[in-house]
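Per numbering that gives the first Met the number 0, the very first residue in the sequence shown carries number 0; after that it's consecutive.
Note that CB positions come from ideal geometry on N, CA and C, so glycine has one too.
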Amino acid sequence: MGMRRSSQAGIRTTDRDGSDLRDHEYSRMVYKDDSGDEFFVIVNEDMVPKWKKDRTIPLVEVVQSFDVFTGHGDRPSKGQLESTFNTSKNDDIVPMIIERGFKKNF
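Here is the structure:
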């Protein structure tokens with residue numbers, strides 16, 4: 000069964016297996032750089048350990064979105080991302096945060 004999207008807002012409400020995304024528990028995966036700056040993504044906390052063991056699981060099932068935030072909840076600049084992750088591409092940064100980060104509840 001494929002991912003379904005809500006016809007009203009274009010927001011995905013079901014997972015690939017048909018389970019309701021609203022039933023998942025979300026938390027932050029936080030990466031702290033050498034200077035103490037924090038960056039995070041919002042993840043389905045049940046899927047993180049599964050993804051770490053099986054990288055064939057699509058990241059779209061692990062993260063709520065591919066948006067990266069600073070510890071203050073703002074969107075980082077491209078310069079901040081480049082200096083921390085050596086790239087400003089969220090598609091490359093999100094897996095780094097999940098691999099190297101730690102879970103932090105809201």
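With distances taken between CB atoms, is the gap from Val61 to Asn89 smaller than 9 Å?
Residue numbering aside, residue 61 sits at position 62 when the sequence shown is read from its first letter. Residue numbering aside, residue 89 sits at position 90 when the sequence shown is read from its first letter. No, Cβ-Cβ distance for Val61 and Asn89 is not below 9 Å.
DSSP has Ile41 in a bridge; who is on the other side?
What you label residue 41 is simply residue 42 of the sequence shown in a count that begins at 1. According to DSSP, which records beta bridges pairwise, Ile41 is partnered with Arg27.
Quick one: grab the DSSP three-state call for Lys88.
Taking the first residue of the sequence shown as position 1, residue 88 is located at position 89. Looking at Lys88 - three-state DSSP - the assignment turns out to be coil, as it is neither helix nor strand.
Exposure label - Pro48; buried when at least 16 CB within 10 Å:
On the sequence shown, position 49 is the one that residue 48 refers to. Burial call: exposed.
Roughly how many angstroms lie between the CA atoms of Asp36 and Asn85, to the nearest whole one?
As a first step, residue 36 is located in the sequence shown; it is residue number 37 there, counting from the start. As a first step, residue 85 is located in the sequence shown; it is residue number 86 there, counting from the start. Whole-angstrom Cα-Cα distance: 15 Å.
Whole-angstrom distance between Met28 and Lys102, CA atom to CA atom
As a position in the sequence shown, residue 102 is number 103, starting the count at 1. As a position in the sequence shown, residue 28 is number 29, starting the count at 1. CA-CA distance, Lys102 to Met28, rounds to 5 Å.
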